[in-house]
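*Asks:* Next up is a structure, given as structure tokens.
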Amino acid sequence: MSEESYGIDDLNREHFESLDASDRLSHLRDEFILPSDVIYLDGMSLGALPSTAEMSVSRVVDEEWGRGLIRSWNDANWIEAPQRIAGKIAPLIGAASDEVIVADSTSVNLFKLLVAALRNRNDRRVILMERESFPTDIYVARGVESLRPDVELRLVPSGKLQSELNSEVAVLLLTHVDFKTGNMHDMADLTRRAHDVGAMVLWDLSHSTGAVPLELSEWQVDLAVGCGYKYLNGGPGAPSFMFAARRHHSTLDQPITAWMGHDQPFEFSLDYVPASGVRRLLSGTPPILSLAAMEAGLSVWERVDIDLVREKSITLSQSFLRIVETQLGSSEIALASSRAPERRGSHLAFHHPNAYEVIQALIARGVIGDYREPDLMRFGFTPLYTRFADVWDAAVSLVDVIKRKEWDQTQFRQRSAVT
Ligand SMILES: *Cc1c(COP(=O)(O)O)cnc(C)c1O
9 MSEESYGIDD
19 LNREHFESLD
29 ASDRLSHLRD
39 EFILPSDVIY
49 LDGMSLGALP
59 STAEMSVSRV
69 VDEEWGRGLI
79 RSWNDANWIE
89 APQRIAGKIA
99 PLIGAASDEV
109 IVADSTSVNL
119 FKLLVAALRN
129 RNDRRVILME
139 RESFPTDIYV
149 ARGVESLRPD
159 VELRLVPSGK
169 LQSELNSEVA
179 VLLLTHVDFK
189 TGNMHDMADL
199 TRRAHDVGAM
209 VLWDLSHSTG
219 AVPLELSEWQ
229 VDLAVGCGYK
239 YLNGGPGAPS
249 FMFAARRHHS
259 TLDQPITAWM
269 GHDQPFEFSL
279 DYVPASGVRR
289 LLSGTPPILS
299 LAAMEAGLSV
309 WERVDIDLVR
319 EKSITLSQSF
329 LRIVETQLGS
339 SEIALASSRA
349 PERRGSHLAF
359 HHPNAYEVIQ
369 ALIARGVIGD
379 YREPDLMRFG
389 FTPLYTRFAD
399 VWDAAVSLVD
409 VIKRKEWDQT
419 QFRQRSAVT
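Final position of the sequence shown in this note's numbering is 427; the numbers increase by one with none missing.
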């Protein structure tokens, strides 16, 4: 796909249809099952259903579990699933396959790696994070702080990160792409700055993996966690993954020591001896059914060039932004994300005083984005299954809902448990 074919010249639907016709990723949409009456712009919260997931899960249920029973740990190689599936994530993040492992949730993995990082820098006491972080990351750090009275969590505004990086900092814990604004840090630069003051880095890649190209090895990243159910399309509550640079493996000391991270789990010895490689980050038994769905999602990624995905993501989001801003004055809607696409991940956020209602009105029209407190509307662009024509239709709907005040109805004010 050349840059030009993703260019935006005309603001009309035919033009966007022609972009779909020349899109080298367009065939990938068939690898997903999507309702025909929905335009899905929320893949950054829950990725779409890969068409092979159902078969993959039902095969594991019927054959491997139903027939194979306990034998499947060996015969179907269940025991290797965390490493095997990690091997499919590694190329997406610029890591070697023996530096990645799949387990648990992002929150739990953050806990494990944060404690491991602190133990690795035990002459220091500060965890440095930004206030804008996804709250679960902050809650995890608070939990670590409560177990380690010597440790201090320093929460600073984004703009102060660099000036707060000093020789007291044991670990810099940052989310690469901000969950609200979609704004993206310069991972290579901040990692270098952290290393310059002797701190470790722990990156949260929840909104980056499968959205933007990553080069963790080249950028000298120490540790990272990522999410399985967003851009990787692993299914609701899919396991998360951890990255640990090989140079740290022999000293990584994570706190949830359990048998799957033991060097010889089936010796059942009383002493805990961690496995020599990244497997020491495992704790309990891997969730085989969830991993079966996740593997189906990742098999799509095996055939995709992430640079093409990035290129299309930028054109999709720039198109959406341009249509919306051309049709709506800045008094109606305000971009919360950076204007520079290279400084964003794969979603856009807008402020609107009635953001919640606008999102509900859009959902009623079959256009699914989401709402984040206090006044943000988020729209995610997932190039594997989002068409240019979808972006046109969604943007036109958003403009309509706002211009005609379609959001101003009681039914759209009702809040559910999950927003
Ligand atoms: C999505 C996301 C998580 C999710 O954590 P879970 O443990 O899977 O609930 C964590 N951190 C960030 C930054 C996220 O975007």
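For glycine and all other residues, C-beta sits at the position ideal for the given N, C-alpha and C.
So, is Glu12 buried or exposed, given that buried needs 16 or more other C-beta atoms within 10 angstroms?
*Replies:* Here the model assigns Glu12 a pLDDT of 40, short of 50, so the residue's position is not dependable and the matter cannot be decided.
*Asks:* For Phe40, would you say it is in contact with chain B, using Cβ-to-Cβ distances shorter than 8 Å as the test?
*Replies:* Reference to chain B is not applicable here, since this structure consists of a single protein chain.
*Asks:* Which class does Asn20 belong to by DSSP, given the choice of helix, strand or coil?
*Replies:* Of the three classes helix, strand and coil, the one that applies to Asn20 here is coil, per DSSP.
*Asks:* So Val404 is in the alpha helix (DSSP H); what residue range does that whole segment cover?
*Replies:* Unbroken alpha helix (DSSP H) run through Val404: Phe396 to Lys411.
*Asks:* Relative to the C-alpha of Val407, which candidate in Met268, Arg311, Pro165 and Gly337 has its C-alpha closest?
*Replies:* Here the closest residue by C-alpha is Gly337.
*Asks:* Flag Lys120 as yes when its Cβ comes closer than 7 Å to any non-hydrogen atom of ligand 1, and as no otherwise.
*Replies:* Result no, Cβ not under 7 Å from ligand 1.
*Asks:* My output table needs one value for Gly151: the three-state DSSP class, helix, strand or coil.
*Replies:* If DSSP states are grouped into helix, strand and coil, Gly151 belongs with the helices.
*Asks:* With a floor of 3 residues, list each beta strand (DSSP E) that falls wholly inside the stretch 110-164, ordered by position along the chain.
*Replies:* As far as the stretch 110-164 is concerned, its whole beta strand (DSSP E) runs of at least 3 residues are 134-138 and 160-164.
*Asks:* Please state the DSSP three-state secondary structure of Ser10.
*Replies:* Annotation note: pLDDT 37 at Ser10 (below 50); position unreliable, coordinate value reported separately. In the structure shown, Ser10 sits in coil (DSSP, three-state: anything other than H, G, I, E or B).
*Asks:* From the DSSP secondary-structure annotation, give me the bridge partner or partners of Trp211.
*Replies:* Leu182 and Ala232, per the DSSP bridge assignment.
*Asks:* Apart from the five residues on each side of it in sequence, which residues of its chain come closer than 6 Å, Cβ to Cβ, to Met195?
*Replies:* For Met195, where only same-chain residues beyond five positions count, the Cβ hits under 6 Å are His184 and Trp227.
*Asks:* Under 8 Å by Cβ, that's how I've got Asp212 and Asp145 pegged, so tell me the actual separation to the nearest angstrom.
*Replies:* The Cβ separation is near 6 Å, so the contact holds.
*Asks:* Should Gln419 be labelled buried (16 or more other beta-carbon atoms within 10 Å of its own) or exposed?
*Replies:* Flag for Gln419 reads exposed.
*Asks:* With DSSP collapsed to three states, give me the class of Ile41.
*Replies:* Three-state result, Ile41: strand.
*Asks:* Output yes or no for whether 8 Å exceeds the beta carbon distance between Ala253 and Glu107.
*Replies:* Yes, the pair counts as a contact, with Cβ atoms nearer than the cut-off.
*Asks:* Whole angstroms is fine: what's the gap from Ala425's alpha carbon to Ile367's?
*Replies:* Approximately 15 Å, taken between the alpha carbons.
*Asks:* Would you kindly check if the distance between the Cβ of Ser248 and the Cβ of Met269 is under 8 Å?
*Replies:* According to the sequence displayed, residue 269 carries Gly and not Met. For Gly269 and Ser248, no; Cβs fall outside 8 Å.
*Asks:* Any idea if Arg330 is buried or exposed, counting beta-carbon neighbours within 10 angstroms, 16 or more meaning buried?
*Replies:* Classification for Arg330: exposed.
*Asks:* Since Trp309 and Gly218 are thought to touch, with beta carbons under 8 Å apart, how far apart are those beta carbons, to the nearest angstrom?
*Replies:* So it is a contact: roughly 7 Å between Cβ atoms.
*Asks:* Whose CA, out of Ala397, Tyr237, Gln417 and Leu49, lies closest to the CA of Glu22?
*Replies:* Of the candidates Ala397, Tyr237, Gln417 and Leu49, the one whose C-alpha sits nearest the C-alpha of Glu22 is Ala397.
*Asks:* Rounded to the nearest angstrom, how far is the Cβ of Val399 from that of Ser327, given a contact under 8 Å?
*Replies:* Confirmed, about 5 Å.
*Asks:* Using C-beta distances below 8 Å, list every residue in its chain close to Gly102, excluding the 5 sequence neighbours before and after it, in chain order.
*Replies:* So the qualifying residues of the chain are Pro221, Leu222, Glu223, Leu224, Ser225, Glu226 and Trp227.
*Asks:* Please name the residue, chosen from Thr189, Ile264 and Glu275, that lies closest to Ser166 on a Cα-to-Cα basis.
*Replies:* Nearest of Thr189, Ile264 and Glu275 to Ser166, Cα basis: Thr189.
*Asks:* DSSP has Asn191 in a bridge; who is on the other side?
*Replies:* Per DSSP, Arg352.
*Asks:* Locate the beta strand (DSSP E) running through Asp315, then write down its first and last residues.
*Replies:* Run containing Asp315: none in the beta strand (DSSP E); it sits in the alpha helix (DSSP H), Ile314 to Gln335.
*Asks:* For Thr144, is the beta carbon positioned less than 7 Å from some heavy atom of ligand 1?
*Replies:* Yes, since a heavy atom of ligand 1 falls inside the 7 Å radius drawn around the Cβ of Thr144.
*Asks:* Cβ of Arg287 within 8 Å of Cβ of Leu260?
*Replies:* Result no, Cβ atoms of Arg287 and Leu260 do not sit closer than 8 Å.
*Asks:* Give the DSSP-derived three-state secondary structure of Met52 in the structure shown.
*Replies:* Three-state DSSP puts Met52 in coil, outside helix and strand.
*Asks:* Tell me, please, which residues DSSP counts as bridged to Arg386.
*Replies:* BP columns for Arg386 point to Ala357 and Asp378.
*Asks:* To the nearest angstrom, report how far apart Phe119 and Ile97 are at their CA atoms.
*Replies:* Taking the straight line joining both Cα atoms gives about 21 Å.
*Asks:* Is the distance from the Cβ of Leu198 to the Cβ of Leu136 below 8 Å?
*Replies:* Contact flag unset, no.
*Asks:* Considering only residues of the same chain and omitting the five flanking positions on each side of Ile296, which have a CB-CB separation below 6 Å?
*Replies:* Result list for Ile296: Trp86, in chain order.
*Asks:* For Ala29, count the other beta carbons within 10 Å of its own beta carbon; 16 or more makes it buried, fewer makes it exposed. Which is it?
*Replies:* Label assigned to Ala29: exposed.
*Asks:* From Trp267, Ser64 and Pro43, pick the residue whose C-alpha is nearest to that of Leu290; which is it?
*Replies:* Here the closest residue by C-alpha is Trp267.
*Asks:* Given a threshold of 16 other Cβ atoms within 10 Å of its Cβ, counted over all protein chains shown, does Asp83 qualify as buried or as exposed?
*Replies:* Asp83 should be labelled exposed.
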